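Mapped onto my numbering, the consecutive letters of the sequence shown carry residue numbers 9 to 194.
From the three backbone atoms N, C-alpha and C, an ideal C-beta is built for every residue, glycine too.
Note that the coordinates shown come from a computational prediction; the quantities given were computed from them, not determined experimentally.
Structure first, then comments.
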Amino acid sequence: SATLLCLVFTSVCGIQHFQRAGHRHLNLFQSTYYVVVTFSTVGYGDFVPDIWPSQLYMVIMICVALIVLPTQFEQLAFTWMERQKLGGSYSSHRAQSEKHVVVCSTTLHADTIMDFLNEFYAHPLLQDYYVVLLSPMELDTTMRMILQVPIWAQRVIYIQGSCLKDVDLARARMNEAEACFVLAAR
């Protein structure tokens with residue numbers, strides 16, 4: 009977000025500076041309006057740079073924006089998704105409309121979790137249940153890969169937290185869960 013702010017600020021200051029040599033001077037508000045409209049749409053045409061250095065500057069800034077902003081938005085979306093996975097909560101709407109169970113574990117060993125998931129989903133009546141993993145441990149690379157497999161990504165939600173804290177139990181919607189499983193380390 010700081011990159012976007014810097015890009016907009018630089019564009020606003022630059023277009024205002026270049027337009028001082030032109031016939032139409034833009035104040036700060038008009039420059040900001042022009043830059044925001046130019047970056048967000050194709051422009052309305054009510055404010056246009058009237059000299060070639062201003063036009064060239066905006067073409068360069070648009071090219072910079074097209075190169076820089078997609079990677080910034082991707083990083084922002086990735087960070088938001090990771091934060092939702094780790095620090096998020098199981099939604100109250102989903103908890104009321106869909107069945108879920110909570111699995112509490114102090115350690116997240118891939119073989120233990122896989123054994124539980126395979127055993128749990130082996131029963132035909134449990135196919136529609138969601139599994140909420142509640143653990144104070146961060147996911148290691150093996151567990152991340154397991155939870156990204158499509159069969160588990162649609163059914164298993166990981167929440168980083170402790171089953172000993174009421175706040176974390178509320179985030180996992182323990183009071184609305186159909187069952188709670190406690191997995192111990194082998």
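Starting from residue i and walking both ways along the beta strand (DSSP E), at which residues does that stretch end?
i, result
"A187", "A187 to L191"
"H131", "Per DSSP, H131 belongs to no beta strand (DSSP E) and is neither H nor E."
"Y166", "V164 to Q168"
Return the residue from the list the options that minimises the CA-CA distance to residue i.
i, options, result
"S143", "A118, P61, V190 and G169", "G169"
"G51", "I70, N35 and R28", "I70"
"C21", "L36, A29 and L191", "L36"
"A187", "R102, Y137 and S19", "Y137"
"L177", "S113, D148, M153 and L155", "S113"
"S97", "D148, Y41, T149 and V164", "V164"
"Q27", "F55, L13 and F17", "F55"
"R181", "Q104, L15, M66 and V76", "Q104"
"S99", "R179, V16, A10 and N183", "R179"
"F17", "G53, G30, A73 and L191", "A73"
"T11", "G53, A29, Y41 and Q80", "Q80"
"L15", "T150, M151 and L77", "L77"
Quickly, what does DSSP pair residue i with across the bridge? List them, please.
i, result
"V109", "V139 and A187"
Quick one: residues in its chain with C-beta nearer than 8 Å to the C-beta of residue i, no 5 flanking neighbours on either side, listed in chain order?
i, result
"V109", "F128, Y137, Y138, V139, V140, A185, E186, A187, C188 and F189"
With respect to the alpha helix (DSSP H) encompassing residue i, which residues constitute its N-terminal and C-terminal limits?
i, result
"G22", "A10 to Q27"
"S48", "L36 to S48"
"A180", "Element bounds for A180: n/a, residue is neither H nor E."
"T150", "T149 to Q156"
Could you name the residues of the same chain whose beta carbon sits closer than 7 Å to that of residue i, not counting the 5 residues immediately before and after it, in chain order?
i, result
"Q24", "L34, L36 and S39"
"T115", "M145 and A193"
"S19", "V43 and M69"
"Q135", "Y129"
"C171", "C112, L142 and L177"
"I75", "none"
Keeping to the same chain, check which residues put their C-beta closer than 6 Å to that of residue i; ignore five residues upstream and five downstream.
i, result
"H117", "none"
"T46", "none"
Original post:
Taking three-plus beta-carbon pairs below 8 Å as touching, is the region 106-122 in contact with the region 150-166?
Top reply: yes
**OP:** Answer yes if the region 60-67 comes into contact with the region 79-86, meaning at least three C-beta pairs across the two stretches below 8 Å, and no otherwise.
**Re:** no
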